[in-house]
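Report on the structure given below.
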Ligand code: SF4
């Protein structure tokens with residue numbers, strides 16, 4: 217445990233609570249309990265589902281989502297953070313939109329940081345101006361995923377439709393330069409999604425970004441959102457294996473919590489349209505909803521081998537990580553992470569945090 221945690225009784229209690237939560241959660245997952253005295257370690261809070269790009273692998277970009285568009289209101293956001301801060305480890309501020317389109321995103325980050333949460337988000341970097349970069353860095357964001365799906369202009373603009381390659385590249389390079397100059401401890405991950413359009417460029421992409429001020433290169437495997445969208449599944453490089461043999465309950469339901477901008481709680485990102493709403497945190501709060509009747513029913517279905525919610529039927533995400541007794545789970549994506557020369561060869565900058573343990577799993581939603 218780090219020194220500053222030991223010296224602060226509030227932090228120390230919180231850390232103990234988190235440590236104790238893990239084995240209890242593990243047992244409740246292994247036994248398939250609908251309810252246990254546990255809490256989610258990772259809370260996904262959708263700042264907005266509005267986006268300015270039309271990416272070919274995304275339900276928002278393909279305009280097939282039917283949920284109303286909106287931005288999370290400040291009062292709902294602060295109520296969520298106030299409630300989860302005493303126990304949760306991380307809050308993730310993106311889901312189905314571009315977080316930098318939310319007018320108060322910087323304040324949202326600051327608010328969560330003041331309450332000692334690990335905060336991360338992902339951006340398409342179209343709005344990553346110099347001012348936005350400085351504000352993100354000074355707000356104390358812990359991790360950012362910078363989406364740059366392609367090494368070349370042609371590929372990038374075929375995948376991230378409406379994105380302008382030179383502009384986004386310039387924004388990302390300036391952000392990384394600022395981070396480096398200011399000695400910011402933020403972890404900046406440059407990301408490419410592996411799909412049919414990008415596959416041939418992945419190796420060169422890694423070589424190019426290894427010589428940058430990014431910390432990690434995140435090669436994210438295509439998420440087909442539970443195989444619900446034919447056009448997205450068609451982009452897969454390899455055919456997904458059949459899912460129903462030896463299927464086990466999905467750890468997401470015991471470990472994570474996903475809240476849409478209007479407060480609707482859902483199982484995970486694959487329920488992008490909230491076809492299986494599990495309650496609304498406006499009615500009683502995050503924990504009450506997460507332990508509520510609908511969430512319990514979802515866990516019961518999984519524990520008894522009924523993967524009947526629309527998003528779960530053909531999903532393979534459950535197989536991407538396996539809970540451990542004393543460790544948190546996956547981070548919602550299947551990815552390979554490669555260190556850059558910056559993160560390997562240089563001395564840690566002042567105030568720099570150690571990078572998290574690397575694994576073959578994990579990545580942003
Ligand atoms: S099985 Fe897939 S769709 Fe169902 S809760 Fe898990 S990740 Fe979500």
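Residue numbers (the numbering used here): 217 to 581.
Where a beta carbon is used, it is the ideal one built from N, C-alpha and C, also for glycine.
- Separation of the CB atoms of residue 384 and residue 341 is rounded to 5 Å, and the pair is thereby assigned contact status at 8 Å.
- For residue 321, the closest C-alpha among the options 332, 298, 294, 302 is that of 294.
- Chain-ordered, the residues whose CB falls short of 5 Å from any heavy atom of ligand 1 come out as 442, 466, 468, 483, 484, 486, 527, 528, 531, 533, 534.
- Classified as exposed, residue 382 has fewer than 16 neighbouring CB atoms from the shown chains inside 10 Å of its CB.
- By the neighbour-count criterion, in which 16 or more other beta carbons inside 10 Å mark a residue as buried, residue 256 falls on the buried side.
- At the C-beta level, residue 354 and residue 392 stay beyond 7 Å of one another.
- Between the alpha carbons of residue 357 and residue 503 lies a gap of roughly 25 Å.
- In the structure shown, residue 542 adopts coil according to DSSP, grouped into three states.
- Under the three-state reduction of DSSP output, residue 529 falls in the coil class, being neither helix nor strand.
- In this structure the region 549-557 lies against the region 425-440, because at least three pairs of beta carbons, one per stretch, are closer than 8 Å.
- Closest in alpha carbon position to residue 490, among 311, 289, 323, is 311.
- Only exposed fits residue 540, as fewer than 16 other CB atoms lie within 10 angstroms of its CB.
- Secondary structure of residue 355 (DSSP, three-state): helix.
- For residue 291, no beta strand (DSSP E) run applies; the uninterrupted alpha helix (DSSP H) run containing it begins and ends at 290-300, by DSSP.
- Approximately 6 Å separates the beta-carbon atoms of residue 408 and residue 418; this is inside 8 Å, confirming the contact.
- For residue 462, there is no enclosing beta strand (DSSP E), since its DSSP letter is neither H nor E.
- Out of 470, 463, 367, 415, the CA that lies nearest to the CA of residue 424 is found in 367.
- No residue range can be given for residue 536, since it is assigned to no alpha helix (DSSP H) and is classified by DSSP as neither H nor E.
- When 344, 309, 519 are compared, the shortest CA-CA separation from residue 364 is found for 344.
- Rounded to the nearest whole angstrom, the CA to CA distance from residue 233 to residue 505 is 20 Å.
- In this structure, residue 273 places its C-beta atom within 7 Å of the C-beta atom of residue 411.
- With a cutoff of 7 Å on beta-carbon distance, residue 440 and residue 413 are scored as not near each other.
- A straight line joining the alpha-carbon of residue 362 with that of residue 314 spans about 11 Å.
- DSSP places residue 330 in the uninterrupted alpha helix (DSSP H) bounded by 321-330.
- The C-alpha of residue 350 lies about 27 Å from the C-alpha of residue 270.
- In this structure the region 285-304 touches the region 256-266; the number of beta carbon pairs closer than 8 Å is three or more.
- The beta carbon of residue 558 lies closer than 6 Å to those of 429 in the same chain, with the five residues before and after it left out.
- Residues of the same chain with a CB within less than 7 Å of the CB of residue 250, apart from the 5 flanking positions on each side, are 512, 515, 516 in chain order.
- When secondary structure is reduced to three states using DSSP, residue 280 falls in the coil class, being assigned neither helix nor strand.
- Bounds of the alpha helix (DSSP H) holding residue 388 are 381-398.
- Under a 10 Å Cβ-count criterion, residue 239 is classified as exposed, with fewer than 16 other Cβ atoms of the shown protein chains found around its own Cβ.
- Boundaries for residue 468: no beta strand (DSSP E) harbours it, while the alpha helix (DSSP H) harbouring it runs 468-471, taken from the DSSP string.
- Here residue 237 carries a helix assignment [DSSP, helix/strand/coil].
- The three-state reading of DSSP puts residue 260 in strand, counting E and B together.
- With fewer than 16 other Cβ atoms inside 10 Å of its own Cβ, residue 397 counts as exposed.
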